[in-house]
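>
Protein chains: 2
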Amino acid sequence: MTNQSPCESLPAGNEDAIDSLNQQILSAKEASLSMSLLSEADKNLALELMERELRESINQIVEANLKDLNCPDNADLSPALKDRLMLDSERIMGMAAGIRQILNIEDPIGTVLEGWVHPNGMRITKLRVPLGVIGIIYEARPNVTTDAIALAIKSGNAVVLRGSRQAWNTNLAIMAIVTRALKQTKVNIEGIQYLRDKSREACKVLLRAQGLIDLVIPRGGETLNKFVTDNALIPVLGAGGGVCHTYLDQFADPQKAISIAVNAKASRPSVCNSCETILVHSSFADSFLQDLVDELVENKVRVHGDQVVKAKCPFVELATDEDWAKEYLDLEVAIKVVEDIAEAIEHINFYSTGHSEAIVTEDIDTADIFKRMVNSACVYVNASTRFTDGEVFGFGAEMGISTQKMHARGPIGAKELCTYKYIIEGNGQIR
Amino acid sequence: MTNQSPCESLPAGNEDAIDSLNQQILSAKEASLSMSLLSEADKNLALELMERELRESINQIVEANLKDLNCPDNADLSPALKDRLMLDSERIMGMAAGIRQILNIEDPIGTVLEGWVHPNGMRITKLRVPLGVIGIIYEARPNVTTDAIALAIKSGNAVVLRGSRQAWNTNLAIMAIVTRALKQTKVNIEGIQYLRDKSREACKVLLRAQGLIDLVIPRGGETLNKFVTDNALIPVLGAGGGVCHTYLDQFADPQKAISIAVNAKASRPSVCNSCETILVHSSFADSFLQDLVDELVENKVRVHGDQVVKAKCPFVELATDEDWAKEYLDLEVAIKVVEDIAEAIEHINFYSTGHSEAIVTEDIDTADIFKRMVNSACVYVNASTRFTDGEVFGFGAEMGISTQKMHARGPIGAKELCTYKYIIEGNGQIR
Chain P
62 MTNQSPCESL PAGNEDAIDS LNQQILSAKE ASLSMSLLSE ADKNLALELM
112 ERELRESINQ IVEANLKDLN CPDNADLSPA LKDRLMLDSE RIMGMAAGIR
162 QILNIEDPIG TVLEGWVHPN GMRITKLRVP LGVIGIIYEA RPNVTTDAIA
212 LAIKSGNAVV LRGSRQAWNT NLAIMAIVTR ALKQTKVNIE GIQYLRDKSR
262 EACKVLLRAQ GLIDLVIPRG GETLNKFVTD NALIPVLGAG GGVCHTYLDQ
312 FADPQKAISI AVNAKASRPS VCNSCETILV HSSFADSFLQ DLVDELVENK
362 VRVHGDQVVK AKCPFVELAT DEDWAKEYLD LEVAIKVVED IAEAIEHINF
412 YSTGHSEAIV TEDIDTADIF KRMVNSACVY VNASTRFTDG EVFGFGAEMG
462 ISTQKMHARG PIGAKELCTY KYIIEGNGQI R
Chain C
62 MTNQSPCESL PAGNEDAIDS LNQQILSAKE ASLSMSLLSE ADKNLALELM
112 ERELRESINQ IVEANLKDLN CPDNADLSPA LKDRLMLDSE RIMGMAAGIR
162 QILNIEDPIG TVLEGWVHPN GMRITKLRVP LGVIGIIYEA RPNVTTDAIA
212 LAIKSGNAVV LRGSRQAWNT NLAIMAIVTR ALKQTKVNIE GIQYLRDKSR
262 EACKVLLRAQ GLIDLVIPRG GETLNKFVTD NALIPVLGAG GGVCHTYLDQ
312 FADPQKAISI AVNAKASRPS VCNSCETILV HSSFADSFLQ DLVDELVENK
362 VRVHGDQVVK AKCPFVELAT DEDWAKEYLD LEVAIKVVED IAEAIEHINF
412 YSTGHSEAIV TEDIDTADIF KRMVNSACVY VNASTRFTDG EVFGFGAEMG
462 ISTQKMHARG PIGAKELCTY KYIIEGNGQI R
């Protein structure tokens with residue numbers, strides 16, 4: 062890799078390149094059975110060696126990362142994107158720690174989910190098994206490379222990765238290190254494929270690998286999500302955004318309410334679990350609504366408000382219909398005053414993307430109504446929506462958040478990369 | 062209904078008709094929240110009244126069914142299809158018993174699937190909840206109408222039904238009876254919609270109801286499955302067929318082997334859990350292979366065999382490559398002789414549709430290898446594949462068998478019509 066010129070990759074878009082990509086995907090598929098049969102000890106040993114090799118290869122990664130950072134193609138990246146791309150010693154140690162966390166979670170494979178005996182004596186056992194081959198297309202930080210491989214190994218899946226152009230050299234350096242580690246283990250290295258082709262065509266080959274890849278997960282912004290859902294012929298997971306709500310109920314403790322709402326918005330506005338709309342019960346219009354807006358403004362949050370908010374705080378911008386459906390992903394929030402919990406729930410179930418919603422209330426019945434009637438992956442009572450996260454939930458790491466209802470909802474961890482099968486054992490039963 | 066001429070329906074294909082269909086789907090969506098909030102007692106009472114009303118309305122259904130049977134459009138139906146369409150008193154009692162079975166299963170909603178406490182004190186609970194709105198397009202027996210409604214009620218889902226043209230009057234009569242029963246209950250009748258439009262356009266409206274219908278399940282043959290997967294913009298479940306295998310291992314008890322293989326093929330060849338290919342270990346080529354073929358022929362099964370089978374039993378037809386991938390759904394089977402379990406498993410994992418596979422063996426290690434390496438929804442040891450069935454599995458009833466890996470595998474019962482959400486309860490936690 063170090064002999065490559067910066068940004069180099071295989072020639073793209075021609076038939077040979079596509080054949081070679083398809084061959085890589087087929088290799089992953091062929092290796093998937095052996096990946097599924099790895100014992101927990103073998104998997105954990107592989108993760109341990111990956112972690113160690115990563116810790117010992119910091120210089121190699123930093124060197125490749127510098128190539129990316131200095132690549133002419135990346136000259137126009139915004140400071141935020143450059144920061145996202147940058148790996149230093151501390152961040153690489155963080156990636157190693159991430160592998161360790163996945164090592165430490167329970168092996169999801171083989172868990173008996175249910176089991177019973179049929180009246181005719183057959184024993185029926187429902188077992189958790191790997192999905193098979195997972196595809197990941199990502200433009201996020203290069204740590205996705207190690208997170209995805211570690212989660213795939215732990216869940217007994219093969220994986221096909223396609224990282225972003227911007228992090229090309231970094232990802233290939235990480236792949237070289239991971240490969241070096243895994244070669245000493247029982248993991249079939251063919252089960253971990255990185256598509257070395259920068260073209261969009263390479264993504265399309267992955268997205269069309271019907272019968273070979275069982276599931277594709279995009280990790281990146283709205284543009285990538287849309288590209289993936291538009292082009293995928295295979296199932297997609299976790300391509301939704303987060304229009305998350307925080308409802309400050311009439312029975313809310315004002316201090317908790319302001320603290321939770323401001324945290325949900327301002328602690329890390331660029332992530333999908335940050336709050337985009339705050340709903341405030343009308344009984345607070347004349348009291349702490351003003352304090353809430355002040356506190357948000359103090360945290361550099363740009364506030365859009367409905368007529369009521371605007372009347373109380375003339376300096377806020379008047380919210381349009383579009384604001385209610387908007388995922389700002391920035392220090393920007395919409396505030397609406399509602400008459401009661403019914404209006405709050407109706408607003409949420411209409412505008413929400415089904416990610417995370419919170420209520421702040423001290424009233425047990427109101428909390429109960431909210432929990433029952435709000436139909437999102439994660440429903441919070443008196444806590445910040447910012448907690449929707451695989452690591453926080455104890456999943457070790459996550460491959461994004463699913464806002465769909467099918468298969469998996471919320472943080473996608475190792476278990477969510479699994480399916481199940483029934484084993485039926487008899488002694489000659491016929492029907 | 063009884064005033065309608067036979068086969069009558071709303072005018073199809075025009076804009077008004079499409080608006081009216083969309084309005085029905087929207088009504089189901091709007092009713093879905095109230096469906097999800099029904100208590101177990103309310104749901105079971107609704108099922109009880111449905112059952113009773115059905116038992117008391119046998120004549121009404123038989124009368125409508127006669128209209129369908131005598132409808133000129135149905136004059137060319139094959140005897141098998143006519144039989145499938147026909148309802149008599151006994152079959153209607155069977156439908157009522159089916160509702161009773163669903164009444165008796167455990168309520169799937171609200172089950173705590175997992176729960177734990179975060180180090181910061183937040184309680185995280187993973188709860189089973191309804192999917193929302195289920196679409197069913199069916200051409201099968203009219204009992205699907207009551208099965209689907211009963212399963213939807215039990216699982217807290219709204220449902221949009223579109224039955225076949227052939228059973229039009231029968232289905233509408235059943236709908237009238239069900240509606241009569243449900244009007245006396247807490248079930249919001251808007252949550253149960255039957256699309257009264259015979260055109261293919263009506264199916265397409267259902268299949269494109271993104272954001273309104275969460276899942277569509279086709280119930281019928283290959284043509285319907287293909288139409289649904291080709292046209293659906295919403296998730297589809299259970300549209301696969303069953304190329305099921307039975308492997309008679311070298312350690313098989315010959316009596317069990319023949320009994321299980323013949324049962325798997327001949328007991329009801331038209332259903333998806335029937336066996337399509339029998340793999341026989343080569344050690345039996347000179348012994349009970351002949352008995353197996355004889356027994357199959359005696360059961361009127363047409364046998365396709367590979368070269369080895371053909372050499373032993375010259376009267377069988379030589380199997381082509383196509384035979385190995387074929388779902389005969391008839392008294393027809395393919396037989397292949399394999400060298401060892403590895404070849405059997407490779408053949409199965411290549412040709413199977415992932416439905417049901419069986420091994421017959423007395424050797425525990427061989428059984429173990431088969432269970433671990435065969436990647437299908439249901440893997441049998443010493444029992445017939447014919448048991449893959451929601452009722453047999455204790456699900457009360459089923460909406461088909463899923464051969465996909467995402468969301469649900471195997472029989473689709475009430476639980477499989479559910480998703481989950483996380484409830485996170487804190488007392489002011491922020492991140």
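Chains P and C, in that order, are what the protein sequence lines are.
Taking the numbering used here, the leading residue of the first sequence gets 62, the next gets one more, and so forth.
Taking the numbering used here, the leading residue of the second sequence gets 62, the next gets one more, and so forth.
We put the CB at the ideal spot given by N, CA and C, even for glycine.
Predicted model, so just to flag it, every value in this text is computed and none were measured.
Check whether the Cβ atoms of S32(C) and P191(C) lie closer than 8 Å to each other.
Outside the displayed range of chain C (62 to 492) lies residue 32(C), so it cannot be described from this structure.
> Would you check if there are 3 or more beta carbon pairs closer than 8 Å linking the stretch 295 to 311 of chain C to the stretch 458 to 475 of chain C?
Flag = yes, the stretch 295 to 311 of chain C and the stretch 458 to 475 of chain C touch.
> Going by the beta-carbon positions, is the gap between A395(C) and A380(C) smaller than 8 Å?
It is a contact, given that the beta carbons lie within the stated cut-off.
> My guess is that A293(P) and L268(P) are in contact by the Cβ rule of under 8 Å, so how many angstroms apart are they, rounded?
Correct: roughly 4 Å between the Cβ atoms.
> At what residues does the beta strand (DSSP E) containing N204(P) begin and finish?
Per DSSP, N204(P) belongs to no beta strand (DSSP E); it is in the alpha helix (DSSP H), N204 to K215.
> Taking only three categories from DSSP, how would you classify G489(C)?
It is a strand residue.
> Just the C-alpha distance for I469(C) and C439(C), rounded to the nearest angstrom, thanks.
Before going further, note that residue 469(C) is Ala rather than Ile in the sequence given. A469(C) and C439(C): Cα-Cα distance of roughly 12 Å.
> Report the residue from C479(P), V304(P) and L212(P) whose alpha carbon sits nearest the alpha carbon of V173(P).
When each option's Cα is compared against that of V173(P), the closest is C479(P).
> Should E378(C) be counted as a contact of the ligand SAH given a C-beta to heavy atom distance under 7 Å?
Only the bare structure without any ligand can be found here, which leaves the ligand SAH out of the picture.
> Within the 8 Å Cβ cut-off, does S413(C) reach chain P?
It does not: the Cβ of S413(C) has no partner Cβ on chain P nearer than 8 Å.
> What does R329(P) pair with, by DSSP beta-bridge criteria?
The partner list for R329(P) (beta bridge, DSSP) is empty, contrary to what the question assumes.
> Check the C-beta distance from R447(C) over to N334(C) and give it rounded, since I have them as a contact under 8 Å.
That belief holds up - the Cβ atoms of R447(C) and N334(C) are roughly 5 Å apart, short of 8 Å.
> Do the CB positions of I485(P) and Y441(C) come within less than 8 Å of each other?
Yes, they are a contact pair.
> Excluding sequence positions up to five away, which residues of its chain have a Cβ less than 8 Å from the Cβ of L188(P)?
Only G171, T172, V173, L174, Y481, K482, Y483 and I484 meet the Cβ criterion.
> Can you name, in chain order, every residue of its own chain whose Cβ lies under 6 Å from the Cβ of P67(P), other than the five neighbours on each side?
Confidence at P67(P) is low in this model, with a pLDDT of 38, below 50, so its placement is unreliable and the value that follows should be read with caution. Answer for P67(P): K128 and C132, listed in chain order.
> Roughly how many angstroms separate the alpha carbons of G457(C) and I163(C), rounded to a whole number?
Their Cα atoms are separated by approximately 5 Å.
> Would the stretch 239 to 247 of chain C and the stretch 103 to 111 of chain C be scored as touching if the rule is three or more Cβ pairs under 8 Å?
A contact exists between the stretch 239 to 247 of chain C and the stretch 103 to 111 of chain C.
> Quick one, are the C-beta atoms of S445(C) and A318(C) less than 8 Å apart?
No, these two residues do not count as a Cβ contact at 8 Å.
> Put S174(P) into one of helix, strand or coil per three-state DSSP.
A small correction: the amino acid at residue 174(P) is Leu; Ser does not occupy that position in the sequence shown. L174(P): strand per DSSP, three-state reduction.
> Distance check for G182(P) and S417(C), CA to CA, integer angstroms please.
Near 19 Å, if we compare the C-alpha coordinates of G182(P) and S417(C).
> Determine, using beta-carbon pairs with one atom in the stretch 151 to 159 of chain C and one in the stretch 202 to 214 of chain C, whether at least three such pairs fall under 8 Å.
Output reads yes: the stretch 202 to 214 of chain C touches the stretch 151 to 159 of chain C.
> In three-state terms, what does DSSP make of P472(P)?
Three-state result, P472(P): strand.
> Look at the Cβ atom of A89(C), then the Cβ atom of V220(C), and state whether they are nearer than 8 Å.
Yes. Within cutoff.
> Name the residues in the stretch 137 to 166 of chain P whose C-beta lies less than 7 Å from a C-beta of chain C; which are they?
The stretch 137 to 166 of chain P vs chain C, Cβ under 7 Å: nothing.
> Consider the Cβ of T376(P): report whether some Cβ of chain C lies at a distance smaller than 8 Å.
The question names Thr, but residue 376(P) is Phe in the sequence shown. For F376(P), the answer is no, since every Cβ of chain C falls outside 8 Å of its Cβ.
> Are the C-beta of K215(C) and some C-beta of chain P separated by less than 8 Å?
Closer than 8 Å: no.
> If you measure beta-carbon to beta-carbon, which residues of the stretch 462 to 473 of chain C are closer than 9 Å to chain P?
Under the 9 Å Cβ criterion, the stretch 462 to 473 of chain C contributes Q465, K466, M467, H468, A469, R470, G471 and P472.
> Specify, as a first and last residue, the run of the alpha helix (DSSP H) that E393(P) falls within.
From DSSP, E393(P) is part of no alpha helix (DSSP H) but of the beta strand (DSSP E) over E393 to V399.
> Going by alpha carbons, who is nearest to A141(C) out of G415(C), A428(C) and D391(C)?
That would be D391(C), whose Cα lies nearest to the Cα of A141(C).
> What does L98(P) reach in chain C if we use C-beta pairs closer than 7 Å?
R433, listed in chain order.
> Mind pulling the chain P residues with CB within less than 9 Å of V341(C)?
Simply none; closest approach about 18 Å.
> Check this for me: beta carbons of E337(C) and V369(C), under 8 Å apart or not?
Taking 8 Å as the Cβ cut-off, E337(C) and V369(C) do not qualify as a contacting pair.
> In the structure shown, what three-state DSSP assignment does I269(C) receive?
Sequence check: residue 269(C) is Arg here, not Ile. Residue state, collapsed to three classes: coil.
> For I295(P), collect the residues of the same chain with a Cβ closer than 8 Å to its Cβ; drop the 5 residues on either side in sequence, then sort them by chain order.
Cβ neighbours of I295(P) beyond the five flanking positions: G196, L268, R269, A270, Q271, I274, D275, L276 and V277.
> At a Cβ cut of 9 Å, what residues of the stretch 269 to 287 of chain P count as close to chain C, listed as they run along the chain?
So the close ones are D275 and L276.
> When you compare each of L353(C), V266(C) and H408(C) to V323(C) by their alpha carbons, which one comes out closest?
That would be L353(C), whose Cα lies nearest to the Cα of V323(C).
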